[in-house]
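K.L.:
In the numbering used here, the protein residues as written are 5 to 116.
Cβ atoms here follow ideal geometry from the backbone N, Cα and C, with glycine treated the same way.
This structure is in structure tokens; I'll ask about it shortly.
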């Protein structure tokens, strides 16, 4: 039972961080009025920062770091979903793109 509560607490904190920090940052990277959906593909927790990979609008992938010390954001790169999928999955990239785009279309991925 404790593990379930820990997961729920983490997800609550993650959603707050996404809404208060990540979405505003992505609005700077992608034109604010063009940001329609965001989906966290990957989060890696490092010693001093967290590294995030986000699918934006079902077509662009944005990779960035957020410092746990001063909460500054360092942009790594922005690339088309096809390029990202080919880099990650090699020959099976077509299927991976379809899976990612399905997640991006879900209601909880939509940005207001």
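1. Check whether the Cβ atoms of residue 85 and residue 103 lie closer than 8 Å to each other.
2. What are the boundary residues of the beta strand (DSSP E) that includes residue 81?
3. Would a C-beta distance cut-off of 8 Å place residue 107 and residue 68 closer than the cut-off?
4. What residues match up with residue 38 in a beta bridge as DSSP calls it?
5. Rounded to a whole number of angstroms, what is the C-alpha to C-alpha distance between residue 9 and residue 58?
6. What's the call for residue 26, buried or exposed, on a 16-neighbour Cβ count within 10 Å?
7. Among 45, 60, 53, 54, which has the Cα closest to the Cα of residue 92?
8. Please give me, in chain order, every unbroken run of the beta strand (DSSP E) with length at least 3 that falls completely inside the region 40-66.
P.N.:
Judging by the given coordinates:
1. Taking the chain shown and counting its residues from 1, the one referred to as residue 85 is at position 81. Taking the chain shown and counting its residues from 1, the one referred to as residue 103 is at position 99. Result no, Cβ atoms of residue 85 and residue 103 do not sit closer than 8 Å.
2. Position 77 of the chain shown, counted from the first residue, corresponds to residue 81. Boundaries of the beta strand (DSSP E) around residue 81: 77-84.
3. Your numbering for residue 107 matches position 103 in the chain shown. Your numbering for residue 68 matches position 64 in the chain shown. No, these two residues do not count as a Cβ contact at 8 Å.
4. By one-based count along the chain shown, residue 38 stands at place 34. Beta-bridge pairing links residue 38 to no other residue.
5. Along the chain shown, one-based indexing puts residue 9 at 5. Along the chain shown, one-based indexing puts residue 58 at 54. Rounded to the nearest angstrom, the two C-alpha atoms are 25 Å apart.
6. Numbered from its first residue, the chain shown carries residue 26 at position 22. So residue 26 counts as buried.
7. For the purposes of this step, residue 92 is taken as residue 88 along the chain shown, with counting starting at 1. The option with the nearest alpha carbon to residue 92 is 45.
8. 42-49, 53-60
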